[in-house]
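Under the working numbering, the residue at position 215 of the sequence shown is numbered 605, and the numbers go up by one with no gaps.
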Amino acid sequence: MNNTSRRNFIKTSGAIGSFFILPSGLRAKSPNGKICTAHIGTGGKGRIDTVYLAKHDNVEVVGLCDVDYSHGKIDTWSKQFTSATAYQDYREMLAELGDKIDAVSISTPDHTHYPATMDAMERGKHVYLQKPLTHKLEEARHLAKFAKEKGLTTQMGIQNQSREAYRLARHYVQEGILGKISKVYVWSFKTWGYDGEPFKEKSAIPDTLDWNLWLGTAPVHDYVSKVYHPGQWRKLLDFGCGTLGDMGIHIFDTPFKALDLKDPKWVEADCRAPNGFGHAEKNMVRYGFKPTKYTTDDFTFTWWDGTDAPRHKNNPDLMLPNGDELPKQGAVFVGENGRMVLPHCSMPTFYPESVIEKLPKPDIEGVDHYTQFLDAIEGKDQTLAGFDYSGPLAESLCLGVVACQFPGKRLKWNAKKMKVTNLPEANPHLKGKYRKF
Ligand SMILES: NC(=O)c1ccc[n+]([C@@H]2O[C@H](COP(=O)([O-])OP(=O)(O)OC[C@H]3O[C@@H](n4cnc5c(N)ncnc54)[C@H](O)[C@@H]3O)[C@@H](O)[C@H]2O)c1
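The structure is reproduced here in C-alpha cells:
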C-alpha cells in the first residue's frame with residue numbers, strides 16, 4: 391500500500407473552480423495499446439464497476455483506490471490485479487500513475503464525485519462516474535461543459551438505460567403508441583432520508599479507514615460507526631442526495647430520454663421542514679417542463695419517495711385493471727391513447743394491451759453499459775449516458791433536492807442563468823463548498 395505523504399491539489403476558494411490543471415490536450419496513451427484503468431472507490435457499487443470494467447478484453451487495471459482498505463477489499467483486488475498499485479488517496483494515485491492511466495471509474499459517495507472527476511478530467515482521463523453524477527447542480531453543469539471542451543469519453547452509471555427494457559420503453563413512447571404524453575408519475579418506496587437529530591456520539595475510527603479522506607471536501611463530522619460509511623451517507627445533506635438522487639436518477643432517466651425533457655421551468659416539493667442535517671424520509675416533487683414534441687402542452691411530472699409512495703389513492707391514472715398492482719418503484723406514462731407502466735429494471739406493460747399490437751416488435755437488444763463506455767474510448771461506439779446527457783438529467787434531480795429545502799414553495803428556474811429567479815435564498819444550495827483536506 392502506497393502511503394506517501396498526501397498532497398493537497400485542491401485549490402479551494404469556496405467556489406467552483408479548477409482542481410488540478412494540466413496543459414490542455416495532454417492525454418494519456420498506453421504504450422501496450424490497452425485501456426489502462428484506475429478505480430476510485432472499490433467497495434459497494436465500486437466492486438461491481440471494477441469487475442465489469444476489468445472484464446473487457448482490452449482493459450488493464452493499473453490503479454485501485456479506496457479510503458477504507460477493508461470495505462474496498464483492496465487486499466483481494468491487489469491479488470487479482472497484479473499490475474495495479476493500490477492507494478488510499480485518489481489525488482496521489484492520479485498524480486503518481488499519471489500517463490499510465492487512460493480511464494478512471496469513480497464509485498464513491500456523491501460529495502466526492504465532482505472533485506475526483508475534475509481531478510481526473512483535468513489530467514485528460516475518460517471517466518465512468520456513478521450516478522447521480524454530482525451532489526450539487528452547478529457541479530453537473532460544469533462537468534458536462536468541461537468534458538465536452540476536452541473531448542473526453544464519459545458515462546454515468548445508469549446501467550439500466552442500456553438494457554432492453556428501458557430501450558424498448560423509449561422506443562414505444564417515441565413511436566407514439568400512447569399518443570402525446572400528458573402526465574408522468576415516478577416513484578420509489580425507498581427512504582434514503584433521515585428525520586432524526588444530528589448524531590451526537592463518536593466512535594473509534596477503524597484502522598483501515600482514513601476518515602479525513604472519506605470526508606474529502608465536505609465539512610468535518612465526527613466518525614460514528616455505520617451512520618455515514620458505508621452506504622448510509624446518501625441520507626445526509628452534506629454527502630448525498632436522498633432517495634431522489636439515489637433512485638430518482640435511474641427512474642427519471644426513461645421519461646427524460648423518451649420525452650426529450652430538459653431544463654425544468656419550475657419545481658415544487660412537499661415534505662417535512664428542513665432540519666439542516668438529513669434529507670426528508672418522504673418527499674413529493676413536482677416539475678413543470680416546457681412541452682416537447684412527445685408531450686401535451688399541459689404535461690406534468692410528479693415524483694414520490696418513501697413508504698407511502700406512490701400516493702395513488704383515488705387517482706384514476708394509477709388504478710390498474712384486473713387486480714394488477716403498481717410496482718414498488720418505477721414510472722407510469724399517461725398518454726392520449728393509453729398508459730405504460732415501467733417497473734424499475736423490468737419490461738414495460740401497456741393498458742390497454744392493444745396499443746402495442748399495431749406496432750411490429752422492434753429489433754432492440756440491451757447492451758452492456760460498461761462495454762459501451764470502453765468501446766466509445768476506442769471510437770467504436772457512443773455512450774448513451776455521457777455527461778452531455780447525464781449533466782442536464784442530474785441538474786433536474788439536484789434542483790428537486792433544492793426544492794425539498796423549501797417545501798410548499800414553487801421555485802422558478804432560469805436554466806440559462808442557472809438561477810432560481812423568485813427565491814434568492816435557494817441559490818446558495820446549487821453550489822458546493824470545498825474544504826481543504
Ligand atoms: N448504478 C447503480 O445501480 C448504483 C447502485 C449503488 C450505488 N451506486 C452509486 O455508487 C456510489 C457509491 O455508492 P455505494 O452504495 O457503493 O457506497 P458505499 O459507501 O457502500 O461504497 C463507497 C466506497 O467508496 C469508498 N470511498 C469513499 N470515499 C472515497 C474516496 N474519497 N476515495 C476512494 N474511495 C472512497 C468507500 O470506502 C467505499 O468502499 C454512489 O454514487 C451511488 O449512488 C450506483
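Just so it is clear, CB atoms sit at the ideal spot from N, CA and C, and this is done for glycine as well.
| Asked | Found |
| --- | --- |
| Simplified DSSP assignment, three categories, for ARG729 | strand |
| LYS821 versus ALA793 - alpha carbon distance | 14 Å |
| Residue from GLY436, ILE571, ASP771, GLY769 with nearest C-alpha to THR686 | ILE571 |
| In DSSP terms, what GLY678 is bridged to | TRP656 |
| Distance, GLY586 Cα to ASP628 Cα | 15 Å |
| Opening and closing residue of the alpha helix (DSSP H) in which ASN602 lies | 601-605 |
| Opposing strand residues paired with LYS802 [DSSP bridges] | TRP656 |
| Closer than 6 Å: GLN719 CB and nearest ligand 1 heavy atom | no |
| LEU416 (DSSP reduced to helix, strand or coil) | Because LEU416 carries a pLDDT of 39, less than 50, the predicted location of this residue cannot be relied on, and the following value inherits that uncertainty. Three-state DSSP puts LEU416 in coil, outside helix and strand. |
| Any non-hydrogen atom of ligand 1 within 6 Å of VAL494 CB | no |
| Outcome for GLY638 when other beta-carbon atoms lying within 10 angstroms are tallied against a minimum of 16 | buried |
| SER460 Cβ short of 6 Å to ligand 1 heavy atom set | no |
| HIS516, enclosing beta strand (DSSP E) - first and last residue | 516-519 |
| Nearest to THR607 (by Cα), restricted to the options GLY756, MET483, HIS501 | HIS501 |
| GLY725 burial status per 10 Å Cβ neighbour count (16 or more: buried) | buried |
| Touch test, the segment 674-694 against the segment 643-654, Cβ-Cβ under 8 Å, three pairs minimum | yes |
| Cβ neighbour criterion (16 or more within 10 Å) applied to LEU782 | Reading off the sequence shown, one finds Pro at residue 782, where the question assumed Leu. PRO782 comes out buried. |
| TYR584 Cβ short of 6 Å to ligand 1 heavy atom set | no |
| Backbone CA spacing between PHE410 and ALA476 [nearest angstrom] | In this prediction, PHE410 scores a pLDDT of 46, lower than 50, which makes its location untrustworthy; no coordinate-derived value is stated. |
| Anticipated Cβ contact below 8 Å, ALA506 with ASP778, distance rounded | Between ASP778 and ALA506 the Cβ distance is about 20 Å, and since that is not below 8 Å, they are no contact. |
| Near ligand 1: TRP604 beta-carbon under 6 Å from a heavy atom | yes |
| Range of the contiguous beta strand (DSSP E) that encloses LEU454 | 449-455 |
| Chain-order list of residues whose beta-carbon lies under 6 Å from that of THR440 (same chain, five-residue window excluded) | HIS429, THR432 |
| Length of the line joining the Cα atoms of GLY666 and HIS819 | 12 Å |
| Integer-rounded CB distance, given that LEU787 should sit under 8 Å from CYS631 | 7 Å |
| Ranges of the alpha helix (DSSP H) found wholly within the segment 473-548, counting only runs of at least 4 | 480-487, 500-512, 527-540 |
| Sub-7 Å separation of THR690 and LYS573 beta-carbons | yes |
| PRO717 and PRO733 closer than 7 Å at C-beta | yes |
| Endpoints, the alpha helix (DSSP H) within which TYR556 is located | 554-565 |
| Proximity to LEU443 [Cα-Cα], best of GLN762, PHE827, GLN772 | GLN762 |
| Contacts around PRO814, its chain only, beta-carbon distance under 7 Å, and the 5 residues preceding and following it disregarded | none |
| Start and end residues, alpha helix (DSSP H) containing HIS759 | 759-767 |
| Span separating the alpha-carbon of GLY621 from that of GLY434 | 8 Å |
| Assigned exposure category for LYS748 - 16 Cβ within 10 Å defines buried | exposed |
| Short CB-CB distance (under 7 Å) between ILE567 and chain D | In summary, chain D is missing from the structure at hand, where a single protein chain is found. |
| PHE589 - DSSP class collapsed to helix/strand/coil | coil |
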